[in-house]
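Peer 1: To convert a position in the sequence shown, counted from 1, into this note's numbering, add 34. Just so you know, even glycine gets a beta-carbon here, dropped at the ideal spot from N, CA and C.
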Amino acid sequence: MDPNFALMQAMFIALAGWIATCYRIVHSQIKPETRRLLVVPLWFLWMALALGGPIFQGVVSAQDALSTGVSFSLGMLLVLFMRRANTRKSR
Numbered sequence: 035m036d037p038n039f040a041l042m043q044a045m046f047i048a049l050a051g052w053i054a055t056c057y058r059i060v061h062s063q064i065k066p067e068t069r070r071l072l073v074v075p076l077w078f079l080w081m082a083l084a085l086g087g088p089i090f091q092g093v094v095s096a097q098d099a100l101s102t103g104v105s106f107s108l109g110m111l112l113v114l115f116m117r118r119a120n121t122r123k124s125r
């Protein structure tokens, strides 16, 4: 299996799992403060679970998986910061 394809699949699984989990948390009885604290750790949990499979199978090296995970996480943080900055300007 192509390592890039395996990484793409793993990140898709991590993103889908994270979105589904966040959806369930938003519609739960958990306090809003606690919800905000759970978002980032849940992403890292889903990312670790998804990237663990290709690493364990030997398709992808741990360094490549870590590099992909970090770059994906930084991209998500950048989008969140830009989104927050735009909502402050529109007020």
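#1: Sorted by chain position, which residues of the same chain lie with C-beta nearer than 7 Å to residue 60's C-beta, five sequence neighbours on each side aside?
#2: Would you call the region 84-91 and the region 107-122 in contact, with 3 or more CB pairs under 8 Å?
#3: Between which two residues does the alpha helix (DSSP H) harbouring residue 92 extend?
#4: Is DSSP giving residue 35 helix, strand or coil here?
#5: Just checking residue 62 against the ligand SAM - is the residue's beta carbon closer than 7 Å to any of the ligand's heavy atoms?
#6: Closer than 8 Å is the cut-off here; do at least three beta carbon pairs connect the region 36-54 with the region 73-81?
#7: Indicate whether residue 37 and residue 94 have their beta-carbon atoms separated by less than 8 Å.
#8: Just mark residue 119 as buried or exposed, buried being the case when its beta carbon has 16 or more other beta carbons within 10 Å.
Peer 2: Answer, in terms of the structure:
#1: Along the sequence shown, one-based indexing puts residue 60 at 26. So the list reads 69, once near-sequence residues are dropped.
#2: Under the three-pair Cβ rule at 8 Å, the region 84-91 does not count as touching the region 107-122.
#3: Counting from 1 along the sequence shown, the entry for residue 92 is found at position 58. Neither: residue 92 is in no alpha helix (DSSP H) and is coded neither H nor E.
#4: What you label residue 35 is simply residue 1 of the sequence shown in a count that begins at 1. Annotated three-state conformation of residue 35 is coil, per DSSP.
#5: As far as ligands go, the structure on display features none, and thus does not contain the ligand SAM.
#6: yes
#7: To locate residue 37, count along the sequence shown from 1; it is residue 3. To locate residue 94, count along the sequence shown from 1; it is residue 60. In this structure, residue 94 lies closer than 8 Å to residue 37 by Cβ.
#8: Locating residue 119 in the sequence shown gives position 85, counting from the first residue. Under this definition residue 119 is an exposed residue.
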